[in-house]
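Report on the structure given below.
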Amino acid sequence: MTADLFGAQDDQPWAEHLSAGTVWHHGLAVKHEVQLMTAIADIERQAGFRHMVTPGGFRMSAAMTNCGQFGWVTDQGGYRYAESDPQTGKVWPDIPECFLTLASAAAAQSGYPGFQPDACLINRYEVGSRMSLHQDKNEQDFSAPIVSVSLGLPVQFQFGGLTRKERPARLTLEHGDVIVWGGPDRLRYHGVGALKSGEHRLLGACRINLTFRKAG
DNA sequence: AAGTATCC
DNA sequence: CTGG
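With the first sequence counted from 1, adding 389 to any position gets you the numbering used here.
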């Protein structure tokens, strides 16, 4: 990875090892922020954010889109990965190089070298949007970790156990934070609380989360 | 079912 | 009324 990928203080011992997963706290270097924002805007032009519907018929409060070979979708028929955007019939946009660089570097630093995601779900949270506790389990390959990148407003992240009963740990995720979980922790329940109002210098009253997976 | 409603 |  490049020395400035995670900002000027990258040689600091950043990792905060939880009982499961690794959180990297850092300020993204300005040029990388700009690259990521530009890439998201480019993806949005090809595959717009939309509020998907759960199998139970409820509209999700987070707006979603995807890039990569596979995109996570939900509708009344269930959760699944699709190789094309149901909204346009077109394949999802490619995962931008700057996304891949960040995701693989974060995975490698957390003990998962060679991470090559083929799916990136992009969630956009407005004030009040949330994501209740769930497992990422629609992927074919649980040997690859999950890499999650937070941008914009802070949020309370809930990191639970392998059953829903286990009480989740809570931690605040801020702009530029990256969390990686895999191996025995790959199927841990996780979610985020409702986004509180605020103003981020780049994203305004909004949080965007990039979640990288090996789906296929 | 990654949802809401309700209770405490 | 709220947060879990």
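Each residue gets a CB set at the ideal place from its N, CA and C atoms; glycine is no exception.
Keep in mind that this is a model prediction, so the values were computed, not measured.
9 Å Cβ cutoff met for residue i and residue j
i: serine 539; j: histidine 564; result: yes
i: alanine 606; j: phenylalanine 488; result: Only positions 390 to 605 of the chain appear in the structure, and residue 606 is not among them; the question remains open.
i: alanine 533; j: tyrosine 501; result: yes
i: aspartate 474; j: threonine 454; result: yes
i: alanine 604; j: glutamine 547; result: no
i: isoleucine 511; j: leucine 599; result: yes
i: alanine 436; j: proline 506; result: no
i: valine 569; j: threonine 411; result: yes
i: phenylalanine 459; j: alanine 428; result: no
i: aspartate 574; j: alanine 409; result: yes
Residue i versus residue j: straight-line alpha-carbon distance, rounded
i: glutamine 401; j: serine 499; result: Confidence at glutamine 401 is low in this model, with a pLDDT of 41, below 50, so its placement is unreliable and no value can be given for it.
i: glycine 593; j: glutamine 545; result: 18 Å
i: methionine 441; j: methionine 426; result: 23 Å
i: arginine 590; j: arginine 519; result: 21 Å
i: aspartate 431; j: glutamine 424; result: 10 Å
i: phenylalanine 438; j: serine 521; result: 19 Å
i: alanine 495; j: valine 536; result: 7 Å
i: alanine 471; j: isoleucine 484; result: 15 Å
i: alanine 418; j: threonine 490; result: 14 Å
i: lysine 585; j: valine 516; result: 6 Å
i: leucine 562; j: glutamate 588; result: 15 Å
i: histidine 415; j: proline 543; result: 13 Å
Buried/exposed call for residue i, threshold 16 Cβ in 10 Å
i: arginine 513; result: buried
i: arginine 469; result: exposed
i: arginine 602; result: buried
i: leucine 446; result: It should be pointed out that residue 446 corresponds to glycine in this sequence rather than to leucine. So glycine 446 ends up on the exposed side.
i: arginine 596; result: buried
i: valine 567; result: buried
i: alanine 492; result: buried
i: alanine 583; result: exposed
For residue i: DSSP bridge partner residues
i: histidine 579; result: His523 and Phe548
i: aspartate 464; result: Gly467
i: phenylalanine 438; result: The partner list for phenylalanine 438 (beta bridge, DSSP) is empty, contrary to what the question assumes.
i: alanine 570; result: First, the residue type needs correcting, since residue 570 is tryptophan and not alanine in the sequence shown. Paired residue(s): Ile535.
i: leucine 584; result: Per DSSP, none; premise fails for leucine 584.
i: glycine 541; result: Arg596
i: serine 473; result: Val480
Span of the beta strand (DSSP E), counted from its first residue to its last, around residue i
i: valine 412; result: 411-413
i: leucine 562; result: 558-562
i: alanine 508; result: 508-515
i: leucine 599; result: 595-602
i: threonine 443; result: Element bounds for threonine 443: n/a, residue is neither H nor E.
i: threonine 454; result: 452-457
Endpoints, the alpha helix (DSSP H) within which residue i is located
i: alanine 429; result: The sequence given here places isoleucine at residue 429; alanine does not occur at that position. Isoleucine 429 -> alpha helix (DSSP H) spans 419-435.
i: alanine 495; result: 486-498
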